[in-house]
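One structure below.
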Amino acid sequence: MTSQPAPSGALRFDPVDLPDGHVELRAEVRAFIDAERARGTRLGGDWSARYDTEFSGRLGRAGFIGMTWAKEYGGHERSALERYIVTEELLSAGAPVGAHWVADRQSSQLLLRFGTEEQRKALLPGIARGENFFCIGMSEPDSGSDLASIRTTAKKTDGGWLINGTKLWTSAAHICHYMIALVRTAPASDDRHAGMSQMIIDLKAPGVIIRPIRNLAGDAHFNEEVFTDYFVPDDRVVGEIGDGWNQVVSELGYERSGPERFLSTFSVFVELVRAVGPDPSLRTVEAFGRLAAHVMTLRSMSLSVAGMLQQGLLPNVEAAVVKDLGTNFAKALPEVARTIIQAEPDVDIGPAFEEAWIEGLLYAPAFTIQGGTREILRGVIARGLGLR
Ligand SMILES: Cc1cc2nc3c(=O)[nH]c(=O)nc-3n(C[C@H](O)[C@H](O)[C@H](O)COP(=O)(O)OP(=O)(O)OC[C@H]3O[C@@H](n4cnc5c(N)ncnc54)[C@H](O)[C@@H]3O)c2cc1C
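Note that the working numbering gives residue 407 to position 385 of the sequence shown, counting from 1, and the numbers run on in steps of one.
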């Protein structure tokens with residue numbers, strides 16, 4: 023691998039070699055998942071739909087959270103590619119990773135990059151143990167794609183900041199201990215990206231009301247949080263006051279490129295192959311081949327971004343490509359499965375397929391919205407290619 027970022031106007035997806043010991047590591051994760059299955063953990067769903075805080079604790083104790091951080095912060099000093107192997111195994115088994123996911127993938131990286139030593143020491147070991155859960159407080163009513171238009175304010179007061187405003191669509195806020203919120207610390211100006219800052223919010227402290235929002239599936243995984251004179255001490259500001267926009271942008275590579283962007287409905291594929299059995303029609307074989315080719319290509323692209331992140335690069339354009347292609351694939355999979363099942367009338371689909379399929383159908387509309395909509399990603403890609 024070379025270490026230069028992609029030049030403007032070019033996309034870069036260098037192939038990466040998996041690290042030594044990857045076969046053994048994969049076997050270790052599979053053994054962990056088998057043990058979870060044996061103890062009755064519910065497997066087979068979408069990462070964003072399934073939370074199991076006790077599962078997160080067991081995963082943390084097994085050394086599979088905080089894998090890439092320094093040991094002094096509770097991490098395990100392994101590579102980003104080793105972490106990739108662990109996450110793809112967990113996701114393809116449909117493990118209930120939703121509770122610790124954001125903390126492990128994103129908030130920790132932000133704290134390692136911009137946080138103070140005190141913040142890292144106080145918060146990272148709990149994340150690695152699968153006990154500290156974080157959520158992302160970016161979106162607001164009327165501010166989603168146009169994140170620079172946020173209106174939640176933080177005003178300086180003695181020893182800290184007073185927050186007023188509303189955050190919206192916050193995944194898992196109801197089970198999280200902390201939110202990293204993007205807030206306005208200076209009034210909006212001609213420089214739309216100036217005057218924003220990031221703060222660590224203790225969601226159990228007074229001054230915040232968390233209300234669940236029910237989704238299409240009837241579940242309440244995301245929330246609205248209303249802040250009224252909520253006090254954040256100075257030592258809970260992340261990075262520099264006013265630098266929030268740059269910091270948020272640096273999270274996007276982590277948020278958009280991982281295997282969760284194309285493996286959300288992978289369980290549907292696995293259960294479909296099981297349901298169809300060893301003697302599918304030629305047409306179904308062709309459809310399976312097409313799906314498998316898509317997954318393998320997306321995986322290579324996503325792995326390539328993981329390789330660049332490991333080198334300290336910020337491959338935000340490539341991450342946007344992975345998210346756009348990956349979420350379109352994951353969204354289409356349950357519909358493709360429906361067509362295949364209709365073409366195989368003798369197949370007994372069984373409860374495992376049915377559960378994965380229904381969950382896939384009901385959650386799929388969100389895939390191309392959460393983490394940046396399709397149109398916004400294509401704008402990012404066009405800009406990266408020098409087309410706008
Ligand atoms: C399941 C789920 C979980 C989420 N979790 C979180 C979370 O944990 N934390 C968080 O902060 N947010 C979260 N979100 C919010 C998500 O980031 C926003 O919904 C998303 O950014 C879109 O913003 P919006 O809903 O305000 O829609 P809008 O920005 O109003 O967009 C509406 C439509 O207009 C299109 N559009 C908007 N601007 C443009 C443009 N410039 N050019 C072309 N088309 C445009 C969009 O693509 C979209 O189709 C979540 C959303 C979902 C669905």
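Yeah, the Cβ is synthetic: ideal placement off N, Cα and C, and Gly gets one too.
Nearest neighbour of Gly-329, chosen from Met-89, Asn-237, Ser-101 [CA to CA] = Residue mapping note: residue 329 aligns to position 307 of the sequence shown, counting from 1. With distances taken between Cα atoms, Gly-329 lies closest to Ser-101.
query = Looking at Phe-244 and ligand 1, is the gap between the Cβ and the nearest heavy atom below 7 Å?
reply = Here residue 244 corresponds to residue number 222 of the sequence shown, with the count starting at 1. Within the cutoff, so yes.
key: Residue of Gln-141, Ala-386, Glu-340 minimising C-alpha distance to Arg-405   = As a first step, residue 405 is located in the sequence shown; it is residue number 383 there, counting from the start. The residue with the shortest Cα to Cα distance from Arg-405 is Glu-340.
ask   = What three-state label does DSSP hand Phe-155 in the structure shown?
value = As a first step, residue 155 is located in the sequence shown; it is residue number 133 there, counting from the start. Note: Phe-155 maps to coil in three-state DSSP.
query = Skipping 5 residues on each side, what residues in its chain have a beta carbon closer than 7 Å to that of Ile-363?
reply = Reading the sequence shown from its first residue, position 341 is the one you call residue 363. These residues qualify, in order along the chain: Val-369, Ile-371.
request  = Could you please give the first and the last residue of the uninterrupted alpha helix (DSSP H) stretch that includes Gln-128?
outcome  = The residue given as residue 128 occupies position 106 in the sequence shown. That residue, Gln-128, is in no alpha helix (DSSP H); it is neither H nor E in DSSP.
task = Output the distance between the C-alpha atoms of Gly-334 and Phe-136, rounded to the nearest integer angstrom.
result = Counted from its first residue, the sequence shown places residue 334 at position 312. Counted from its first residue, the sequence shown places residue 136 at position 114. Answer to the nearest angstrom: the Cα atoms are 14 Å apart.
request  = Name, in chain order, the residues that DSSP records as bridge partners for Trp-183.
outcome  = Residue 183 sits at position 161 when you count from the first residue of the sequence shown. Per DSSP, Lys-178, Val-254.
request  = Inspect the beta-carbon positions of Leu-132 and Glu-277 and report whether they are closer than 8 Å.
outcome  = Here residue 132 corresponds to residue number 110 of the sequence shown, with the count starting at 1. Here residue 277 corresponds to residue number 255 of the sequence shown, with the count starting at 1. No, they are not a contact pair.
message = Measuring alpha carbon to alpha carbon, tell me which residue in Thr-75, Pro-163, Asp-168 is nearest Ala-150.
response = As a first step, residue 150 is located in the sequence shown; it is residue number 128 there, counting from the start. Considering only alpha carbons, the answer is Thr-75.
message = Contact defined as beta carbons within less than 8 Å: I believe Val-307 pairs with Leu-355. What is the distance between those atoms, to the nearest angstrom?
response = Here residue 307 is taken as the residue at index 285 of the sequence shown, counted from 1. Here residue 355 is taken as the residue at index 333 of the sequence shown, counted from 1. Not really, about 17 Å apart at Cβ, beyond 8 Å.
request  = Tell me whether Leu-204 sits in a helix, a strand or coil according to DSSP, three-state version.
outcome  = Here residue 204 refers to the residue found at position 182 of the sequence shown. Here Leu-204 sits in strand by DSSP.
request  = Determine the extent of the beta strand (DSSP E) in which Ile-223 is found, giving its start and end residues.
outcome  = Position 201 of the sequence shown, counting from 1, holds the residue named residue 223. Its beta strand (DSSP E) spans residues 218 to 224.
ask   = Does at least one heavy atom of ligand 1 sit under 7 Å from the Cβ of Gln-392?
value = As a first step, residue 392 is located in the sequence shown; it is residue number 370 there, counting from the start. Under cutoff, so the answer is yes.
key: Euclidean distance between Cα positions of Met-23 and Leu-134   = Counted from its first residue, the sequence shown places residue 23 at position 1. Counted from its first residue, the sequence shown places residue 134 at position 112. Residue placement at Met-23 is poorly supported in this model, since its pLDDT is 39, which falls under 50; the coordinates are not used for a value here.
task = Would you list the residues sitting across from Val-260 in a DSSP beta bridge?
result = In the sequence shown, counting from the first residue as 1, residue 260 sits at position 238. Beta-bridge pairing links Val-260 to Gln-220.
inquiry  = Are the CB atoms of Ala-227 and Ala-216 within a distance shorter than 8 Å?
reply    = Numbered from 1 along the sequence shown, position 194 holds the residue referred to as residue 216. Numbered from 1 along the sequence shown, position 205 holds the residue referred to as residue 227. Not a contact, by the Cβ cut-off of 8 Å.
ask   = For Glu-247, which beta-bridge partners are listed by DSSP?
value = On the sequence shown, residue 247 is found 225 positions in, with the first residue counted as 1. In the DSSP output, where bridge partners are listed per residue, Glu-247 has Lys-189, Ile-232.
ask   = Skipping 5 residues on each side, what residues in its chain have a beta carbon closer than 6 Å to that of Gly-116?
value = Translated into positions along the sequence shown, residue 116 becomes position 94. Cβ within range, chain order: Leu-65, Gly-66, Gly-67, Ser-289.
query = Would you call the segment 298 to 318 and the segment 240 to 247 in contact, with 3 or more CB pairs under 8 Å?
reply = no
task = Spatial neighbours of Asp-39 within its chain, please: CB distance less than 7 Å, with the 5 preceding and 5 following residues excluded, ordered by chain position.
result = As a position in the sequence shown, residue 39 is number 17, starting the count at 1. Closer than 7 Å at the Cβ level, and outside the excluded window around Asp-39, lies no residue.
task = Can you tell me the Cβ-Cβ gap for Ala-352 and Phe-249, rounded? I've got them flagged as a contact below 8 Å.
result = One-based indexing of the sequence shown puts residue 352 at position 330. One-based indexing of the sequence shown puts residue 249 at position 227. With a Cβ gap of about 33 Å, Ala-352 and Phe-249 do not count as contacting.
ask   = Skipping 5 residues on each side, what residues in its chain have a beta carbon closer than 8 Å to that of Ser-279?
value = Walking along the sequence shown from the start, residue 279 turns up at place 257. Cβ within range, chain order: Ser-324, Val-327, Ala-328, Leu-331, Pro-337, Glu-340, Ala-341, Val-344, Lys-345.
ask   = Using the C-alpha atoms, what's the distance from Gly-181 back to Gly-266?
value = Counting from one through the sequence shown, the residue named residue 266 turns up at place 244. Counting from one through the sequence shown, the residue named residue 181 turns up at place 159. Roughly 20 Å between the two C-alpha positions.
key: Unbroken alpha helix (DSSP H) run spanning His-316, endpoints   = Translated into positions along the sequence shown, residue 316 becomes position 294. Taken as a continuous stretch (DSSP letters only), the alpha helix (DSSP H) holding His-316 covers 304 to 332.
task = Kindly examine ligand 1 and report whether one of its heavy atoms sits closer than 7 Å to the Cβ of Asp-168.
result = On the sequence shown, position 146 is the one that residue 168 refers to. For ligand 1, at least one heavy atom lies less than 7 Å from the Cβ of Asp-168.
query = How long is the line joining the alpha carbons of Gly-96 and Tyr-200, rounded to whole angstroms?
reply = As a working mapping, residue 96 is identified with position 74 in the sequence shown. As a working mapping, residue 200 is identified with position 178 in the sequence shown. One C-alpha to the other measures close to 18 Å.
message = Let me make sure I understand the geometry here. Which of Arg-72, Gly-148, Ala-71, Ile-197 has the alpha-carbon closest to that of Ile-87?
response = Taking the sequence shown and counting its residues from 1, one reaches residue 87 at position 65. For the residues Arg-72, Gly-148, Ala-71, Ile-197, the minimum Cα distance to Ile-87 belongs to Gly-148.
ask   = Nearest CA to the CA of Gly-43: which residue from Ile-107, Arg-61, Leu-347, Thr-390?
value = Within the sequence shown, the letter at position 21 stands for residue 43. When each option's Cα is compared against that of Gly-43, the closest is Ile-107.
inquiry  = Measuring straight from C-alpha to C-alpha, what distance separates Arg-233 and Pro-41?
reply    = For the purposes of this step, residue 233 is taken as residue 211 along the sequence shown, with counting starting at 1. For the purposes of this step, residue 41 is taken as residue 19 along the sequence shown, with counting starting at 1. Approximately 44 Å between the Cα atoms of the pair.
task = Out of Asp-164, Arg-173, Gly-159, Pro-163, point me to the one whose CA is closest to Ser-193's CA.
result = As a working note, residue 193 is residue 171 in the sequence shown. Per the Cα distances, Gly-159.
key: Nearest residue (CA-CA) to Ala-125, options Glu-104, Glu-139, Ala-176, Trp-91   = As a working mapping, residue 125 is identified with position 103 in the sequence shown. Looking at the Cα atoms, Trp-91 is the closest of the given residues.
message = Looking at Val-205: is its Cβ nearer than 8 Å to the Cβ of Thr-174?
response = Position 183 of the sequence shown, counted from the first residue, corresponds to residue 205. Position 152 of the sequence shown, counted from the first residue, corresponds to residue 174. Yes.
task = May I ask whether a heavy atom of ligand 3 can be found less than 7 Å away from the beta carbon of Thr-109?
result = With respect to small molecules bound, the structure shown includes ligand 1 and not ligand 3.
query = Based on the DSSP secondary-structure assignment, which residues constitute the bridge partners of Glu-162?
reply = The residue given as residue 162 occupies position 140 in the sequence shown. DSSP output for Glu-162 lists Ser-165 as bridge partner(s).
message = At the level of alpha carbons, what is the spacing between Asp-212 and Gly-264?
response = Against the sequence shown, residue 212 aligns to sequence position 190. Against the sequence shown, residue 264 aligns to sequence position 242. Spanning the two alpha carbons is a distance of roughly 14 Å.
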